[in-house]
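Engineer: Below: one structure in structure tokens.
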């Protein structure tokens, strides 16, 4: 007898605990309605526990189980649990959805009110989590991406095909670097094919960008197979969009398929010669090719210089063509300056590394020759550098200043050099390199007062 005493107590305890609920959907509904009127959380919780107990017991009773209203009440009770008391049942969302789904499928009804309330209950549950996500993103503080992501995922447990949840859930997942999840959301949207053209293009671009920029994470760097498959599909869907051919060209270059990339660009330019994006891609291709050749040492110095000259000049001309068709393309203008500098750099490097002792009395003439070769290749850049300054004004970024000021320095345009470095110094007067160059420019202009002012700033930093 002793051996069965404890199990018997457990059975009796369970029976007594369960038997306090009679399985009355009406009482469950009444408790739910009362809870909605309460302001104290504990009072609401107690009523929801009663509602849950009654409706759980109700579906164990045959005559209640076949009534549509029973399942509507169950759906509403578990929807409330999912929203505010998820600790009572972690599967509350699924149980609410299951209850709503039974109406009209397993349990038939012609009651329009029940049908309407069923649809509203499910929609309200999804909207609740969507609104939570929006609040997390648009609150008074910084966007709470984690909170928004969790809320979007909850909304998708209600409706896994919800377009809004998938779209913005994907965007938020990207912000959190949850790239696998973002790709999964976007893939579902692609398969459903219900987005407008703008949003559809966005999810294709985002997916391609994720796979391309994070190729190590997806074991894609040796092939870019998934990215390329999406690009091919996107080019069919959005033939006028230049983003996809641009990435395709970048992929070809990453895979050291320069000829393939060049052929792709030239083929497209032959049919669309006025397309600034294609000229831009061509410029980037040759610029990157030049950088790669710079690192090689498997041909003579003269061959290398001649080859680099051709490659960088091709890049420069392509950037010029880009600006011809798109004069306000600030990125092309800035990259053009980089190309000019890259074309001149090998000569400045050679000059800097000259062996004074070995050359003896030929050192100065060789130094002058190499500097002149560099200056010839960069002198055109000064006009474009001024154009960029005019375009950006005082809003020019520190990164852009770092790109541009060496051009003014090399070509001894001290007025522009002072202008651009003064902008930088006004933001941050601790950059000793800039202060030294600025002081030297004032000295060259015999503006000794400002030169002394800058010198004092340098001394204050020591």
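Residue numbers (our numbering): 1165 to 1626.
For every residue, glycine included, the Cβ atom is placed at its ideal position computed from N, Cα and C.
Under the rule that 16 or more other beta-carbon atoms within 10 Å means buried, what is residue 1463, buried or exposed?
Structural biologist: Start at 1 with the first residue of the chain shown, and residue 1463 comes out as number 299. Residue 1463 comes out exposed.
Engineer: If you follow the alpha helix (DSSP H) that residue 1563 is part of, which residue opens it and which one closes it?
Structural biologist: Residue 1563 sits at position 399 when you count from the first residue of the chain shown. Note, residue 1563: alpha helix (DSSP H), 1562-1574.
Engineer: For the alpha helix (DSSP H) that contains residue 1366, what are its first and last residues?
Structural biologist: Along the chain shown, one-based indexing puts residue 1366 at 202. Run containing residue 1366: 1361-1377, per the alpha helix (DSSP H) assignment.
Engineer: Please look up how many angstroms separate the CB atoms of residue 1568 and residue 1584, rounded, as I've assumed it's under 8 Å.
Structural biologist: Stepping through the chain shown from its first residue, residue 1568 is reached at position 404. Stepping through the chain shown from its first residue, residue 1584 is reached at position 420. About 6 Å; that satisfies the 8 Å criterion.
Engineer: Is residue 1267 helix, strand or coil by DSSP?
Structural biologist: As a working mapping, residue 1267 is identified with position 103 in the chain shown. Here residue 1267 sits in strand by DSSP.
Engineer: What is the DSSP secondary structure of residue 1230, reduced to helix, strand or coil?
Structural biologist: To locate residue 1230, count along the chain shown from 1; it is residue 66. Coil.
Engineer: To the nearest angstrom, how far is it from the Cα of residue 1257 to the Cα of residue 1370?
Structural biologist: On the chain shown, position 93 is the one that residue 1257 refers to. On the chain shown, position 206 is the one that residue 1370 refers to. If I take the Cα positions, the gap works out to 30 Å.
Engineer: My guess is that residue 1508 and residue 1541 are in contact by the Cβ rule of under 8 Å, so how many angstroms apart are they, rounded?
Structural biologist: Here the question's residue 1508 lines up with position 344 in the chain shown. Here the question's residue 1541 lines up with position 377 in the chain shown. About 4 Å; that satisfies the 8 Å criterion.
Engineer: Apply the 10 Å Cβ neighbour rule to residue 1234 and answer buried if 16 or more other Cβ atoms are within range, or exposed otherwise.
Structural biologist: On the chain shown, position 70 is the one that residue 1234 refers to. Classification for residue 1234: buried.
Engineer: Just to confirm, is the Cβ distance from residue 1340 to residue 1376 under 8 Å?
Structural biologist: Taking the chain shown and counting its residues from 1, the one referred to as residue 1340 is at position 176. Taking the chain shown and counting its residues from 1, the one referred to as residue 1376 is at position 212. For residue 1340 and residue 1376, no; Cβs fall outside 8 Å.
Engineer: Within 10 angstroms of its Cβ, does residue 1355 collect 16 or more other Cβ (buried), or is it exposed?
Structural biologist: Your numbering for residue 1355 matches position 191 in the chain shown. The residue in question, residue 1355, is exposed, as its Cβ has fewer than 16 Cβ neighbours within 10 Å.
Engineer: Classify residue 1548: buried if its beta carbon has 16 or more other beta carbons within 10 angstroms, exposed otherwise.
Structural biologist: Residue mapping note: residue 1548 aligns to position 384 of the chain shown, counting from 1. Looking at its Cβ environment, which holds 16 or more other Cβ atoms inside 10 Å, residue 1548 is buried.
Engineer: Short of 8 Å in beta carbon distance, which residues of its chain neighbour residue 1401, apart from the five on each side in sequence? Order them along the chain.
Structural biologist: If you number the chain shown from 1, residue 1401 lands on position 237. Hits under 8 Å: 1364, 1365 and 1368.
Engineer: Can you give me the start and stop residues for the alpha helix (DSSP H) that residue 1482 sits inside?
Structural biologist: Locating residue 1482 in the chain shown gives position 318, where the first residue counts as 1. Note, residue 1482: alpha helix (DSSP H), 1465-1489.
Engineer: Judging by CA-CA distance, which residue of 1605, 1474 and 1449 is the nearest neighbour of residue 1615?
Structural biologist: As a working mapping, residue 1615 is identified with position 451 in the chain shown. The shortest C-alpha separation from residue 1615 is found at 1605.
Engineer: Pull up the distance between the alpha-carbon of residue 1267 and that of residue 1223, whole angstroms please.
Structural biologist: What you label residue 1267 is simply residue 103 of the chain shown in a count that begins at 1. What you label residue 1223 is simply residue 59 of the chain shown in a count that begins at 1. When rounded, the separation of the alpha-carbon atoms in residue 1267 and residue 1223 is 13 Å.
Engineer: Taking 8 Å as the cut-off, decide whether the C-beta atoms of residue 1201 and residue 1215 are in contact.
Structural biologist: As a first step, residue 1201 is located in the chain shown; it is residue number 37 there, counting from the start. As a first step, residue 1215 is located in the chain shown; it is residue number 51 there, counting from the start. Not closer than 8 Å, so no.
Engineer: If you draw a straight line from the C-alpha of residue 1330 to the C-alpha of residue 1316, how long is it?
Structural biologist: Position 166 of the chain shown, counting from 1, holds the residue named residue 1330. Position 152 of the chain shown, counting from 1, holds the residue named residue 1316. Going from the Cα of residue 1330 to the Cα of residue 1316 covers about 8 Å.
Engineer: Using only alpha-carbon positions, find the residue among 1295, 1415 and 1296 that is nearest to residue 1445.
Structural biologist: Counted from its first residue, the chain shown places residue 1445 at position 281. Ranking 1295, 1415 and 1296 by Cα distance to residue 1445 puts 1415 first.
Engineer: The alpha helix (DSSP H) with residue 1579 in it runs from where to where?
Structural biologist: Along the chain shown, one-based indexing puts residue 1579 at 415. Looking at the DSSP string, the run of the alpha helix (DSSP H) that includes residue 1579 is 1578-1591.
Engineer: Measure the C-alpha to C-alpha separation of residue 1269 and residue 1255 and round it to an integer number of angstroms.
Structural biologist: If you number the chain shown from 1, residue 1269 lands on position 105. If you number the chain shown from 1, residue 1255 lands on position 91. If I take the Cα positions, the gap works out to 21 Å.
Engineer: Using CA atoms only, rank isn't needed, just tell me which of 1244, 1277 and 1252 is closest to residue 1261.
Structural biologist: Taking the chain shown and counting its residues from 1, the one referred to as residue 1261 is at position 97. Among 1244, 1277 and 1252, the Cα nearest to that of residue 1261 belongs to 1244.
Engineer: Return the chain-ordered list of same chain residues with a C-beta closer than 8 Å to the C-beta of residue 1494, the five sequence neighbours on each side being excluded.
Structural biologist: Locating residue 1494 in the chain shown gives position 330, where the first residue counts as 1. Cβ neighbours of residue 1494 beyond the five flanking positions: 1552, 1555 and 1556.
Engineer: Compute the Euclidean distance between the alpha carbons of residue 1490 and residue 1344, then round it to the nearest angstrom.
Structural biologist: Position 326 of the chain shown, counted from the first residue, corresponds to residue 1490. Position 180 of the chain shown, counted from the first residue, corresponds to residue 1344. In a straight line, the C-alpha of residue 1490 is about 37 Å away from that of residue 1344.
Engineer: Does residue 1186 come out as helix, strand or coil in the three-state DSSP assignment?
Structural biologist: To locate residue 1186, count along the chain shown from 1; it is residue 22. Correct three-state label for residue 1186: coil.
Engineer: Which of the three DSSP states is assigned to residue 1400 in this structure?
Structural biologist: As a first step, residue 1400 must be located in the chain shown, where it is residue number 236. In this structure, residue 1400 counts as helix in the three-state DSSP scheme.
Engineer: Do residue 1450 and residue 1478 come within 8 Å of each other at the CB atom, strictly closer than that value?
Structural biologist: Position 314 of the chain shown, counted from the first residue, corresponds to residue 1478. Position 286 of the chain shown, counted from the first residue, corresponds to residue 1450. Taking 8 Å as the Cβ cut-off, residue 1478 and residue 1450 qualify as a contacting pair.
Engineer: In terms of residues, what are the limits of the alpha helix (DSSP H) holding residue 1559?
Structural biologist: In the chain shown, residue 1559 corresponds to position 395, counting from 1. No alpha helix (DSSP H) contains residue 1559, which DSSP labels as neither H nor E.
Engineer: Using only the alpha-carbon positions, how far apart do residue 1458 and residue 1472 sit?
Structural biologist: Position 294 of the chain shown holds residue 1458. Position 308 of the chain shown holds residue 1472. Whole-angstrom Cα-Cα distance: 7 Å.
Engineer: Quick check: what's the CA-CA separation for residue 1424 versus residue 1608?
Structural biologist: In the chain shown, residue 1424 corresponds to position 260, counting from 1. In the chain shown, residue 1608 corresponds to position 444, counting from 1. Computed Cα separation, rounded: 50 Å.
Engineer: Considering residue 1441, what are the terminal residues of the alpha helix (DSSP H) in which it resides?
Structural biologist: As a working note, residue 1441 is residue 277 in the chain shown. Element bounds for residue 1441: 1440-1458.
Engineer: Could you check if residue 1285 is buried or exposed, using at least 16 other CB atoms within 10 Å of its CB as the buried criterion?
Structural biologist: Here the question's residue 1285 lines up with position 121 in the chain shown. Buried, because 16 or more other Cβ atoms sit within 10 Å of the Cβ of residue 1285.
Engineer: Using a Cβ-Cβ cut-off of 7 Å (strictly less than) and excluding sequence neighbours within five positions of residue 1230, which residues of its own chain qualify?
Structural biologist: For the purposes of this step, residue 1230 is identified with residue 66 of the chain shown, where counting begins at 1. The answer, listed in chain order, is 1271.
Engineer: Following the continuous alpha helix (DSSP H) through residue 1417, name the residue where it begins and the one where it ends.
Structural biologist: For this step, residue 1417 is matched to residue 253 along the chain shown. Unbroken alpha helix (DSSP H) run through residue 1417: 1407-1418.
Engineer: Using CA coordinates, which residue listed in 1511, 1430, 1576 and 1184 is at the minimum distance from residue 1482?
Structural biologist: Mapped onto the chain shown, residue 1482 falls at position 318. For residue 1482, the nearest C-alpha among the options comes from 1430.
Engineer: If the criterion is Cβ atoms closer than 8 Å, does the pair residue 1512 and residue 1520 meet it?
Structural biologist: In the chain shown, counting from the first residue as 1, residue 1512 sits at position 348. In the chain shown, counting from the first residue as 1, residue 1520 sits at position 356. Cβ atoms of residue 1512 and residue 1520: not closer than 8 Å.
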